[in-house]
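Asker: The structure is given below, and queries will be raised subsequently.
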Amino acid sequence: MEPDTSVTICGIRMKNPVMAASGTFGYGREYGEVFDLSKMGAIVVKGTTLKPRMGNPPPRLAETPCGLLNSVGLENPGIDVFIERELPYLRGLGVPVIVNVAGETPEEYAEVSKRLDKAPGVAALEVNVSCPNVKKGGMAFGTDPEALKEVISSVRRSTSLPLITKLSPNVSDIGFLARVATNAGSDAISLINTLLGMAIDVNTMKPVLGAVFGGLSGPAVKPVALRMVWEVSSAVRVPVIGMGGITSGTDAVEFLLAGASAVAVGSATLVRPDACLEVVRGIWEFMKEKGVMTVGELVGAAKRKVDSGAGCPRGTRDF
Amino acid sequence: MEPDTSVTICGIRMKNPVMAASGTFGYGREYGEVFDLSKMGAIVVKGTTLKPRMGNPPPRLAETPCGLLNSVGLENPGIDVFIERELPYLRGLGVPVIVNVAGETPEEYAEVSKRLDKAPGVAALEVNVSCPNVKKGGMAFGTDPEALKEVISSVRRSTSLPLITKLSPNVSDIGFLARVATNAGSDAISLINTLLGMAIDVNTMKPVLGAVFGGLSGPAVKPVALRMVWEVSSAVRVPVIGMGGITSGTDAVEFLLAGASAVAVGSATLVRPDACLEVVRGIWEFMKEKGVMTVGELVGAAKRKVDSGAGCPRGTRDF
Amino acid sequence: MHAKTCRKGNINRVMRDEAAIGLGIVKAREEPAPGYVRLRLAFRAVAERARPGQFVHVYPVPLGLSAASRDAPVPQRRLDPFLRRPFSIHDADRSRGEFAILFKIIGKGTRELAEVRVGDALDVIGPLGNGFSAPVGYDRIILMGGGIGVAPLVLAAKDFAGSHRVVTLVGGRTAHDVLCVDDFEAAGAQVHVATEDGSLGFAGQVTDLFESLLSQGLRGVILACGPMPMMQKVADISQVAGLPAFFSLEDRFGCGLGACLGCAVRVVEPDGSRRYMRVCKEGPVVEAQKVDFDGT
Amino acid sequence: MHAKTCRKGNINRVMRDEAAIGLGIVKAREEPAPGYVRLRLAFRAVAERARPGQFVHVYPVPLGLSAASRDAPVPQRRLDPFLRRPFSIHDADRSRGEFAILFKIIGKGTRELAEVRVGDALDVIGPLGNGFSAPVGYDRIILMGGGIGVAPLVLAAKDFAGSHRVVTLVGGRTAHDVLCVDDFEAAGAQVHVATEDGSLGFAGQVTDLFESLLSQGLRGVILACGPMPMMQKVADISQVAGLPAFFSLEDRFGCGLGACLGCAVRVVEPDGSRRYMRVCKEGPVVEAQKVDFDGT
Ligand SMILES: Cc1cc2nc3c(=O)[nH]c(=O)nc-3n(C[C@H](O)[C@H](O)[C@H](O)COP(=O)(O)OP(=O)(O)OC[C@H]3O[C@@H](n4cnc5c(N)ncnc54)[C@H](O)[C@@H]3O)c2cc1C
Ligand SMILES: Cc1cc2nc3c(=O)[nH]c(=O)nc-3n(C[C@H](O)[C@H](O)[C@H](O)COP(=O)(O)OP(=O)(O)OC[C@H]3O[C@@H](n4cnc5c(N)ncnc54)[C@H](O)[C@@H]3O)c2cc1C
Ligand SMILES: Cc1cc2nc3c(=O)[nH]c(=O)nc-3n(C[C@H](O)[C@H](O)[C@H](O)COP(=O)(O)O)c2cc1C
Ligand SMILES: Cc1cc2nc3c(=O)[nH]c(=O)nc-3n(C[C@H](O)[C@H](O)[C@H](O)COP(=O)(O)O)c2cc1C
Ligand code: FES
Ligand code: FES
């Protein structure tokens, strides 16, 4: 018997547990020229806001050890243009399409979600709570429990689509924020978004990025992402979509073992356009080799081993 | 004229701005067999507690992309053994010795500090507020502002030595915690300690580390460390000692430009025993090439460039 | 139509008539000047499609022949350096199925790339981007390159030679930084050299040389590549002279395919509005007057 | 005394009579079996000081001859893989100033290390650790290696051959995993082989073979190296037999010098108390009865 890689997350049936991460896959078109997108688990499109956004000044990317910083700044054409020009293409791909929703106020999030609620071909919304909240003085929704609750609640009221909350890793207690999001009505949690970082060019003696700070992603962040997936999947009962530094099937399996029900691949796609398919193949080969028949058998398996005695819980570790 | 690499931090005069980071340099002896320690800026010894500590079960190390996880768990012989057996050796080196102090309660921190206050040959204390606080249910002192204030205040009362607070990067707002520490009497801030992370072995399907979670260090974390140094050096007026992923003189210069007055080298020493001296040489060569005569000219220089218009402040950046 | 994904061996794949993805085998490696490396790569699908001004996106670590011949579906790639690097297509021999890149060693990636040996395999996507094109009505092309900026101009000189007269202005700080003069001459182009220190040709910047030639009556379509300050001068001069000018721009690239929005240059639209353009997809060649130099 | 830090070229440095740090030049490379590589390295200070059971701490990426001869004070090192890797000193030719390591390809580092070519330079610290020693009163040494565990035993066989009779028990899953039999025989040791699948020698685990030989009257000091479950069995069997046994342990190393406390094995002190021991500095050779197998 062959392994079955299919999974169902909040009612969305996927051929495999591998999604394209938001912001690294555009609206799909560019990669549609490179490989057969119907083989993917799902596509999460780039962060979309109510109004068009111009994005941040260049440079917007900086390579760092085993990773990269980006400060794209949510450049997007706005929700109406998305629905009119991009969604029809995406709908035709035969793959669940998840729309990453961003905004500056809870009302803006709600309005974007409402418009998507009526647009056919959207499988779920991913609420991106890591962009700055200008109203609240630059504090991101994803780091303030009250603001997070407000955003998720208002999005919840404005749509019946499945809601995935994408958490920021720049927090002290990610499990707590995950509980806030699920209590406010989120059907799943995805993480991690990027870690806030920066790079300096010693020659110019200035920050490399035009926006000074940027978000760190890629293999460098994988250990932090795995730990947060482990914590969140212990803190909430909803499915967790894990990401951060996945470049291979083995990386993805680590996330599944840590408690993720599905994974997303971001930065790796920038290097290898079909990285998602590589990851799918790697997961399949791992399952085959180990005689694992369903993805579900892997989900959280490492935690079950530790709970049964092979390690200590968080409270007792020291550094 | 040759560049002058000497710096003075909270009254401690150092030949150069490069310290050995706590926990990666033991109590100096092992490296004393490899190179001339008197050439270093300062030595920060391993985290020391009131009572001896056994540390965590193995494996305690896991390599990760461009970094490593450790879960040593503050193994140390206790403050009295340190003062009796290790301090005399360290005192003889002709290098400022900074003792990294850890504990489970504010009282324990205070007691360790009191004993060190009377011990000759200690230049300063580095208060490690990133180890678990069992009293408070595993929440680290470094992530809870109230607990942080209590620890730093009680250490402050128990010693007249210069106090450096070593902050945990696993927080939402590092600048705020830095202010809490300085308001409570800290004379300097050092950062970053390790980012909480984990690794999973897909073959055994278990966490690699015996303690499950560990602290991530090395080049992978450099972008996060730089950003936090930038934030903290804007938030407080005391000197900042920057660390996290430094392996070369250029890396160190990035930290200085971001606002650090001195730097520490940790993980790199595990690979190249004399990494600190390499870093010193690299800083010197950079200064020579650029015609920079004193370290002070570099400190915060990138910030001054941005303030003068070449970039946007935190509140306005987007992701 | 999707070409089939071939999971074994070194078989390259064409992406919907546009670009190919696969392995380029290093056929030749030379150092035309200290710190510069020219590689000739065998990759037929790239060479055949290459137009001047397009680029290839290359993972900068050589994989070695052994890696290329191994049974791996995708060659083992390292995690550091992480990203691909963009390089202009410097030359193309379509009949032999080979193309060349010329690069300057500046950092981590180019340092590693400089270590390739003949026979190594490189992971390449290309040709990408729009490439140079000349508006009708001009029979002369003026190529201007500063430093390594000459890289894309050699193929331009060759390809435009059939239809246009080609004049090339090559600038560099010193004589050592003046590259490819022989190549331009071999392509039948008239070559003018400028060095800032006067060690070769005209003493001054290439833009000074350009102004002096304009004052002598030079006219044509300008295709230029070089550092931003030079580009800005070229934009100003060509506007005053009323000549069309196109730039091949540089920026930090992520995907190179137009998906990540990591590469951005601010441009002015005909209606005066400003927006960020994706250099990799809508460029790298941009009309000079379109670039908003304040936004870079 | 500190040897002077030499900032240029390939000059190795001795650390206070103990270990040396510097470049080992690859003199030979062979694959004794698929997936295993043996490297012979020229590094006089290491070879001369090497005792059996000690290890070298190696940065696993070859630097290449060019790198070694360049003007760099310390060879350019990559950031990924990040750490050094420990390998037992497998053999040493003190007069030629060469030593060998034998390793199994298992992950990122050993995969890269397997790619070295003759002439490459490797960054080495060594010899490190305590090494094997035999208590007085025994004229026979029993070497036991499981799988790649034979690596440190070859030098042990050679060095103890002068003073002791040496018996070697080599175990592996199949005949393919049985390494170094020739080397042990060349060193004058009597060799017994065990394979789990019975494809060579005794059918069973090396510990089964050990018990069978004990029952035939074999006595001596046991020096063993292999996976933890095998070690535990050896500890049990040797305790029952009343024979002294020493293990060369494996653990994940950071510094390899005793400073980072990253390598830990739990040991039982004579007073019954338990503590973590630094495998790199106080080991890697540990008395069998000292290891607290519950704490690993
Ligand atoms: C369309 C295009 C065509 C190019 N053609 C050529 C060419 O033909 N010959 C040539 O020598 N160079 C060319 N460049 C520049 C070349 O891409 C960079 O020199 C190279 O990426 C530097 O890599 P590195 O790893 O050595 O530098 P590092 O500084 O270590 O690189 C770090 C990161 O920054 C990026 N980066 C650094 N400098 C530049 C730069 N100037 N432009 C773009 N990205 C940069 C790298 O790609 C990498 O992502 C071109 C750039 C673009 C955008
Ligand atoms: C004292 C000592 C002597 C050794 N001698 C030999 C020898 O002679 N021949 C040989 O083949 N192997 C030996 N080993 C094991 C060898 O160090 C590992 O196989 C090697 O480090 C694996 O590296 P990797 O990068 O291929 O594996 P990866 O799994 O990619 O390595 C990841 C990290 O884990 C560490 N690691 C992984 N497996 C081991 C392991 N089994 N032991 C220690 N660290 C590990 C690596 O050093 C690295 O830090 C010895 C280990 C020790 C401690
Ligand atoms: C260039 C780039 C753009 C991104 N844009 C978005 C975005 O618009 N919305 C979002 O939620 N996450 C965005 N992300 C974050 C990724 O979706 C992902 O969470 C993160 O990069 C970690 O995964 P990775 O290491 O696989 O890249 C972006 C990441 C990158 C690299
Ligand atoms: C093995 C190891 C042990 C450490 N032990 C301590 C410690 O005892 N106290 C402390 O404050 N920091 C400790 N640290 C953190 C380092 O001092 C430093 O803050 C961190 O590693 C980041 O710097 P780096 O990237 O240069 O290593 C330890 C780090 C490592 C790798
Ligand atoms: S590099 Fe990704 S859009 Fe241009
Ligand atoms: S590896 Fe650092 S103490 Fe042993």
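Chains as they are written, first to last, in this note's numbering: chain Y, 1420 to 1738; chain L, 1420 to 1738; chain W, 512 to 807; chain H, 512 to 807. Ideal Cβ placement from N, Cα and C applies to all residues, glycine included.
Would ARG1646 (chain L) count as contacting chain Y if we go by Cβ distances under 8 Å?
Answerer: On the second sequence, position 227 is the one that residue 1646 (chain L) refers to. By this cut-off, ARG1646 (chain L) is an interface position.
Asker: Please state the DSSP three-state secondary structure of ASP604 (chain H).
Answerer: Reading the fourth sequence from its first residue, position 93 is the one you call residue 604 (chain H). Three-state result, ASP604 (chain H): strand.
Asker: Out of L:VAL1690, L:LEU1675, L:VAL1698, which has the shortest C-alpha to C-alpha gap to VAL1651 (chain L)?
Answerer: Here residue 1651 (chain L) is taken as the residue at index 232 of the second sequence, counted from 1. Nearest of L:VAL1690, L:LEU1675, L:VAL1698 to VAL1651 (chain L), Cα basis: L:LEU1675.
Asker: Does DSSP put ALA714 (chain W) in a helix, a strand or coil?
Answerer: As a first step, residue 714 (chain W) must be located in the third sequence, where it is residue number 203. Strand at ALA714 (chain W).
Asker: Is VAL1643 (chain L) close to chain Y? Criterion is C-beta to C-beta, closer than 8 Å.
Answerer: As a first step, residue 1643 (chain L) is located in the second sequence; it is residue number 224 there, counting from the start. So yes, VAL1643 (chain L) belongs to the interface.
Asker: Chain L partners of GLY560 (chain H), CB-CB under 9 Å?
Answerer: Working through the fourth sequence from its first residue, we reach residue 560 (chain H) at position 49. Note on residue identity: the sequence assigns Arg, not Gly, to residue 560 (chain H). The contacting residues do not exist; ARG560 (chain H) stays about 14 Å from chain L at best.
Asker: My guess is that PRO1638 (chain Y) and LEU590 (chain W) are in contact by the Cβ rule of under 8 Å, so how many angstroms apart are they, rounded?
Answerer: Your numbering for residue 1638 (chain Y) matches position 219 in the first sequence. Your numbering for residue 590 (chain W) matches position 79 in the third sequence. Right, the Cβ-Cβ distance comes to about 5 Å (below 8 Å), so this counts as a contact.
Asker: Between the stretch 1439-1454 of chain Y and chain W, which residues of the former have a C-beta closer than 9 Å to a C-beta of the latter?
Answerer: Flagged, chain order: GLY1442, THR1443, PHE1444, GLY1445, TYR1446, GLY1447, ARG1448, GLU1449, TYR1450, GLY1451, GLU1452, VAL1453, PHE1454.
Asker: When you compare each of Y:THR1467, Y:ARG1472, Y:THR1524 to PHE1501 (chain Y) by their alpha carbons, which one comes out closest?
Answerer: In the first sequence, the residue the question calls residue 1501 (chain Y) occupies position 82. Looking at the Cα atoms, Y:THR1467 is the closest of the given residues.
Asker: Compare the C-beta of MET1706 (chain L) with all C-beta atoms of chain H and state if any pair is closer than 8 Å.
Answerer: Against the second sequence, residue 1706 (chain L) aligns to sequence position 287. It does not: the Cβ of MET1706 (chain L) has no partner Cβ on chain H nearer than 8 Å.
Asker: What does DSSP give as the partner residue(s) for HIS788 (chain W) in the beta ladder?
Answerer: As a working note, residue 788 (chain W) is residue 277 in the third sequence. The amino acid at residue 788 (chain W) is misidentified as His; the sequence shows Met. Paired residue(s): W:VAL776.
Asker: Going by C-alpha to C-alpha distance, which of W:THR679, W:LEU711, W:GLY620, W:ILE612 sits closest to PRO543 (chain W)?
Answerer: On the third sequence, position 32 is the one that residue 543 (chain W) refers to. The residue with the shortest Cα to Cα distance from PRO543 (chain W) is W:ILE612.
Asker: Along chain L, in chain order, which residues have C-beta atoms closer than 8 Å to that of ILE532 (chain H)?
Answerer: Position 21 of the fourth sequence, counted from the first residue, corresponds to residue 532 (chain H). Residues of chain L passing the Cβ test: VAL1453, PRO1692.
Asker: Any heavy atom of ligand 5 closer than 7 Å to the Cβ of ARG789 (chain W)?
Answerer: In the third sequence, residue 789 (chain W) corresponds to position 278, counting from 1. Yes, Cβ of ARG789 (chain W) sits closer than 7 Å to a heavy atom of ligand 5.
Asker: Any idea what DSSP makes of ILE1571 (chain L), helix, strand or coil?
Answerer: Taking the second sequence and counting its residues from 1, one reaches residue 1571 (chain L) at position 152. Correct three-state label for ILE1571 (chain L): helix.
Asker: For VAL689 (chain H) versus PHE695 (chain H), is the C-beta distance shorter than 8 Å?
Answerer: As a working mapping, residue 689 (chain H) is identified with position 178 in the fourth sequence. As a working mapping, residue 695 (chain H) is identified with position 184 in the fourth sequence. Not a contact, by the Cβ cut-off of 8 Å.
Asker: Indicate the three-state DSSP secondary structure (helix, strand or coil) for LEU1580 (chain L) in the structure shown.
Answerer: Indexing the second sequence from 1 puts residue 1580 (chain L) at position 161. Residue state, collapsed to three classes: coil.
Asker: Go through its chain and collect everything with a Cβ distance to PRO1564 (chain Y)'s Cβ below 8 Å, but skip five positions before and after it.
Answerer: Within the first sequence, numbered from 1, the residue matching residue 1564 (chain Y) stands at position 145. The answer, listed in chain order, is PHE1595, LEU1596, VAL1599.
Asker: Indicate whether at least one CB of chain Y lies closer than 8 Å to the CB of GLY1522 (chain L).
Answerer: Reading the second sequence from its first residue, position 103 is the one you call residue 1522 (chain L). So, not an interface residue.
Asker: Quick one: what's LYS615 (chain W) bridged to in DSSP?
Answerer: On the third sequence, residue 615 (chain W) is found 104 positions in, with the first residue counted as 1. Partner(s): W:TYR547.
Asker: Would you say the beta carbon of SER1667 (chain Y) comes nearer than 7 Å to a heavy atom of ligand 7?
Answerer: Looking for ligand 7 in the displayed structure turns up nothing; the ligands present are ligand 1, ligand 2, ligand 3, ligand 4, ligand 5 and ligand 6.
Asker: Comparing the C-beta of ASN1589 (chain L) with each C-beta of chain B, is any distance below 8 Å?
Answerer: In the structure shown, chain B cannot be found, because the protein chains are Y, L, W and H.
Asker: Hey, which residues come within less than 5 Å of ligand 1, measuring from Cβ to any heavy atom, in chain order?
Answerer: Y:GLU1482, W:PHE566, W:LEU594, W:ARG596, W:PRO597, W:PHE598, W:SER599, W:PHE614, W:LYS615, W:ILE617, W:GLY618, W:LYS619, W:GLY620, W:THR621, W:ILE659, W:ALA662, W:GLU761, W:ARG763, W:PRO795
Asker: If you measure between the beta carbons of ALA1679 (chain L) and ILE1702 (chain L), is that distance less than 8 Å?
Answerer: Locating residue 1679 (chain L) in the second sequence gives position 260, where the first residue counts as 1. Locating residue 1702 (chain L) in the second sequence gives position 283, where the first residue counts as 1. Not a contact, by the Cβ cut-off of 8 Å.
Asker: Does DSSP classify LYS744 (chain H) as helix, strand or coil?
Answerer: In the fourth sequence, residue 744 (chain H) corresponds to position 233, counting from 1. Looking at LYS744 (chain H) - three-state DSSP - the assignment turns out to be helix.
Asker: For ligand 3, is there a heavy atom less than 7 Å away from the beta-carbon of SER1532 (chain Y)?
Answerer: As a first step, residue 1532 (chain Y) must be located in the first sequence, where it is residue number 113. Flag unset: Cβ of SER1532 (chain Y) not near ligand 3.
Asker: How about LEU1567 (chain Y): is its Cβ closer than 7 Å to a heavy atom in ligand 5?
Answerer: Numbered from 1 along the first sequence, position 148 holds the residue referred to as residue 1567 (chain Y). No, the beta carbon of LEU1567 (chain Y) sits no closer than 7 Å to any heavy atom of ligand 5.
Asker: Have a look at L:GLU1697, L:ALA1521, L:VAL1711, L:ALA1694 and flag the residue whose alpha-carbon is nearest the alpha-carbon of ASN1622 (chain Y).
Answerer: Translated into positions along the first sequence, residue 1622 (chain Y) becomes position 203. The shortest C-alpha separation from ASN1622 (chain Y) is found at L:VAL1711.
Asker: Ligand 2 heavy atoms versus the CB of HIS568 (chain W): any closer than 7 Å?
Answerer: Along the third sequence, one-based indexing puts residue 568 (chain W) at 57. Answer for HIS568 (chain W): no, Cβ out of range of ligand 2.
Asker: Under the rule that 16 or more other beta-carbon atoms within 10 Å means buried, what is GLU541 (chain H), buried or exposed?
Answerer: By one-based count along the fourth sequence, residue 541 (chain H) stands at place 30. By the 10 Å Cβ count, GLU541 (chain H) comes out exposed.
Asker: Around the Cβ of ALA539 (chain W), are there at least 16 other Cβ atoms within 10 angstroms (buried) or fewer (exposed)?
Answerer: One-based indexing of the third sequence puts residue 539 (chain W) at position 28. Its Cβ having fewer than 16 others within 10 Å, ALA539 (chain W) is exposed.
Asker: What's the C-alpha gap between GLU1716 (chain Y) and ILE1619 (chain L)?
Answerer: Residue 1716 (chain Y) sits at position 297 when you count from the first residue of the first sequence. Residue 1619 (chain L) sits at position 200 when you count from the first residue of the second sequence. Their Cα atoms are separated by approximately 16 Å.
Asker: Could you tell me which residues DSSP puts in a beta bridge with THR1467 (chain L)?
Answerer: Mapped onto the second sequence, residue 1467 (chain L) falls at position 48. Paired residue(s): L:VAL1520.
Asker: So, is the C-beta of LEU768 (chain W) closer than 8 Å to a C-beta in chain Y?
Answerer: Counting from one through the third sequence, the residue named residue 768 (chain W) turns up at place 257. Yes, its Cβ sits closer than 8 Å to a Cβ of chain Y.
Asker: Going by DSSP, what residue range makes up the alpha helix (DSSP H) through ASP670 (chain W)?
Answerer: Start at 1 with the first residue of the third sequence, and residue 670 (chain W) comes out as number 159. Where ASP670 (chain W) is concerned, the enclosing alpha helix (DSSP H) stretches over 664-672.
Asker: When you measure from the CB of SER1587 (chain L) to every non-hydrogen atom of ligand 3, does any distance come out below 7 Å?
Answerer: For the purposes of this step, residue 1587 (chain L) is taken as residue 168 along the second sequence, with counting starting at 1. Not so, every heavy atom of ligand 3 lies at least 7 Å from the Cβ.
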